[in-house]
Amino acid sequence: MSETLHQVRLRVNGLPHEIRVPARRLLSDALRHDLGLTGTHVGCEHGVCGACTILLDGEPVRACLMPAVAAQAYEITTVEGLAEPDGALSPVQQAFAECHGLQCGFCTPGFLTTITAGLRRDPCPTHERARDMIAGNLCRCTGYQNIVRAVERAATIGSERAAEIGASS
């Protein structure tokens, strides 16, 4: 017996996509397999590790827990959509590079999306709030110190860029 496929319209990284998927297809699988956006990693498949974190209307969500059919009403941002419109690294991406916030890189997309949303809510976090911001994401390679430094550095870069924009207006 064949599985019923559903027409799903997703808006991902600012672009519309139409795919046909079974009702049980997870958003993480639709992004990776149907749309070819392999930056969304699948680690635990239980929503615990955070590797599959994407942004739905700017809020972090575990893509391994959400059916693709349920994501139609949202603007989805994956790690591939975090760069600036001109292609420059976002403040979070730049900070990860500068602060050596990654090792193997498997967890990095989830951290980048999580921190991006966190800094929108709290653009100047204290050290403790920076640690809290990443508490829901797991990394098996680092001790988190460089990731916390990257959060703090990203906040500084974001402030500097905002000041540059304000000065040029």
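Each residue of the sequence shown is one higher than the one before, counting from 9 in our numbering. We treat Cβ as the ideally placed atom computed from N, Cα and C, and that holds for glycine.
Legend entry - Whole runs of the beta strand (DSSP E) within the region 59 to 99, excluding any shorter than 3 residues: 61 to 64, 67 to 70, 83 to 85
Legend entry - Stretch pair the region 137 to 150 + the region 84 to 102: three plus CB contacts closer than 8 angstroms: no
Inset, instruction - State the DSSP-derived secondary structure class of Glu-53, mapped to helix, strand or coil. - result: coil
Legend entry - Residue(s) in a DSSP beta bridge with Glu-26: Beta-bridge annotation (DSSP): Glu-26 is paired with Arg-17.
Inset, instruction - Look at the alpha carbon of Arg-32 and the alpha carbon of Gly-22, and state the distance between them as a whole number of angstroms. - result: For Arg-32 and Gly-22, the distance between alpha carbons rounds to 24 angstroms.
Inset, instruction - Could you tell me which residues DSSP puts in a beta bridge with Leu-34? - result: Pro-75
Inset, instruction - For Glu-26, I'd like the list of residues in its chain whose CB is within less than 6 angstroms of its CB, leaving aside the five on either flank, ordered along the chain. - result: Arg-17
Inset, instruction - Can you tell me which of the three DSSP states Asn-154 falls into? - result: helix
Inset, instruction - Answer with buried or exposed for Ser-36, where buried requires no fewer than 16 other C-beta atoms within 10 angstroms of its C-beta. - result: buried
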